[in-house]
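The sequence shown begins at 184 in my numbering and counts up by one. Glycine residues also receive a C-beta, built at the ideal position from the N, C-alpha and C atoms.
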Amino acid sequence: MRLGLYLNLYGDAADRPSLDDAVEQARLAEQAGFDWVVLGERHLHRPGYHEILTSLTWIAAHTERIGLATAGIVAPLYHPVVLAQTLAHIDVLSGGRLTAGFVLGYRPEEFALFGVAQRERVARFEECLELLTRLWTEDEVTFEGRFTQVQEAFLAPRPVRAPRPRIWNGGRVPAVLERTARMCDGWTTSFNELDADLPGKIGEYRAYERGPGTLGAEVIVCREGYCAPTSQGAREALEEPLRDLYDAYTGWKRTSSDAARYAQGWDEIAARSVIGSPGQCAERLEHYAAMGADGVVLRVQPPGMSQADALRAIEAFGHVNSG
Numbered sequence: 184m185r186l187g188l189y190l191n192l193y194g195d196a197a198d199r200p201s202l203d204d205a206v207e208q209a210r211l212a213e214q215a216g217f218d219w220v221v222l223g224e225r226h227l228h229r230p231g232y233h234e235i236l237t238s239l240t241w242i243a244a245h246t247e248r249i250g251l252a253t254a255g256i257v258a259p260l261y262h263p264v265v266l267a268q269t270l271a272h273i274d275v276l277s278g279g280r281l282t283a284g285f286v287l288g289y290r291p292e293e294f295a296l297f298g299v300a301q302r303e304r305v306a307r308f309e310e311c312l313e314l315l316t317r318l319w320t321e322d323e324v325t326f327e328g329r330f331t332q333v334q335e336a337f338l339a340p341r342p343v344r345a346p347r348p349r350i351w352n353g354g355r356v357p358a359v360l361e362r363t364a365r366m367c368d369g370w371t372t373s374f375n376e377l378d379a380d381l382p383g384k385i386g387e388y389r390a391y392e393r394g395p396g397t398l399g400a401e402v403i404v405c406r407e408g409y410c411a412p413t414s415q416g417a418r419e420a421l422e423e424p425l426r427d428l429y430d431a432y433t434g435w436k437r438t439s440s441d442a443a444r445y446a447q448g449w450d451e452i453a454a455r456s457v458i459g460s461p462g463q464c465a466e467r468l469e470h471y472a473a474m475g476a477d478g479v480v481l482r483v484q485p486p487g488m489s490q491a492d493a494l495r496a497i498e499a500f501g502h503v504n505s506g
């Protein structure tokens, strides 16, 4: 199973602007055989959240082989040309290690911050990805969109990964699955997608017609994860910081249909996660492989968990996946 490590980018007054912990985790994940480090995006968070693109560049500079992925960039908030150019340069600087994952976004305050009407998010998302993909793959682009127009535009340098970096998209409703099949190369699930719903969602996604130029139909399952010598030890390390994070999500997700899932108890959370002893974690990874997942992204460090605990879990997952 290909594994990704979802890095904790939550900052606080003690560590800003340092990303030392994230760099240490990324290097250990590289040594442990993980396929990607994965970064998310958040705005208007106190006491802080490290910006995704500069953080990705910093992690690229401090690693050598591991893939660099996002899950995901809130595409409607960005000017497509700026985003295409920045991501292309990250791919160049990292030697072709980029996977660009996007999401629609859901927080009204983030759209207001960037001066973008939330009702336009789907149209902006599709326009952004269309123009970005063309700039990555074509020698010259003329584009007349609803929000962006360019004449005889080009990127130099273009991404080094051939034919271009892979594109992921996250979301859970049928419209998102259809859009992902049409415009992207992989689907990233939410961290709280129920196991019982996954086989149907995977089948639905892969049944939609692929768009021209897409590079496959990867399924990347995002899960809470913690591996310890015993299941009780895993729970003791993870439960309190994860509960604090989920309590925060109930506020952030107040406008989303899945908000109630963040109010569930430990047993419900564990049932859709990769948490426990090495044997239990190996069984859970095999469970997702049997569903048709191509990779699993693990969030092992909610805000508030010590660096030492996070490093122990990363190393343990490396042993599990190589065993």
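Cβ-heavy atom distance, residue i to the ligand NAD, below 7 Å
i	result
C405	The ligand NAD is absent from the structure shown, which contains no ligand whatsoever.
Helix, strand or coil at residue i [DSSP, three-state]
i	result
T372	coil
N352	strand
Y432	helix
V299	coil
Y409	strand
I385	helix
G459	strand
V264	helix
V220	strand
E423	helix
G250	strand
S479	A small fix is needed here, since residue 479 is Val in this sequence, not Ser. Here V479 sits in strand by DSSP.
E234	coil
R185	strand
D380	coil
Q208	helix
P486	coil
V343	coil
Q214	helix
Q415	helix
H470	helix
R280	coil
D203	helix
H226	coil
E321	coil
Minimum C-alpha distance to residue i - residue among the options
i	options	result
L296	R495, E361 and R225	R225
E376	G396, T397 and R406	R406
A306	W241, A336, P259 and L192	P259
T325	A336, T316 and L315	A336
Y289	A205, R304 and G278	R304
W219	H228, Q208, L227 and R229	Q208
A243	G298, V206 and R467	V206
E234	W370, P200 and R317	P200
H502	Q214, M366 and V483	Q214
L190	E247, A252 and A196	A252
A196	S277, H228, R495 and G255	H228
E247	H262, R210 and P342	R210
L281	H262, V457, I249 and L421	I249
I273	H245, A364, L312 and N504	H245
Inter-residue spacing [alpha-carbon to alpha-carbon] between residue i and residue j
i	j	result
T320	R344	10 Å
I452	F374	10 Å
L186	T397	22 Å
A271	T413	43 Å
D477	Q332	37 Å
A499	L428	23 Å
I497	Q334	47 Å
Y409	K384	25 Å
L239	L222	7 Å
L360	Y232	28 Å
E309	G328	10 Å
L314	W449	43 Å
V275	Q415	44 Å
G475	W370	12 Å
R459	G394	First, the residue type needs correcting, since residue 459 is Gly and not Arg in the sequence shown. So the alpha carbons of these two residues sit roughly 39 Å apart.
E392	E401	14 Å
P357	A390	11 Å
Q484	Q268	31 Å
D492	P461	15 Å
P348	W241	19 Å
R171	G399	This structure does not reach residue 171, given that the chain is present from 184 up to 506, and the question cannot be answered.
S277	T316	19 Å
P424	F330	41 Å
Q447	P291	24 Å
R362	Y388	9 Å
P486	A420	12 Å
One or two residues paired with residue i in a DSSP bridge
i	result
F326	V333
F285	I256 and N352
Y391	Beta-bridge pairing links Y391 to no other residue.
I403	T371 and G478
Y193	Y232
Residue-chain proximity (residue i, chain B), Cβ-Cβ < 8 Å
i	result
L260	Note that chain B does not occur in the displayed structure, where there is just one protein chain.
Contact belief for residue i with residue j at Cβ below 8 Å, rounded distance in angstroms
i	j	result
V265	E293	So it is not a contact: roughly 17 Å between Cβ atoms.
G255	F285	5 Å
V480	Y471	In fact, because the Cβ distance is near 11 Å, the residues do not count as touching under 8 Å.
A212	L188	4 Å
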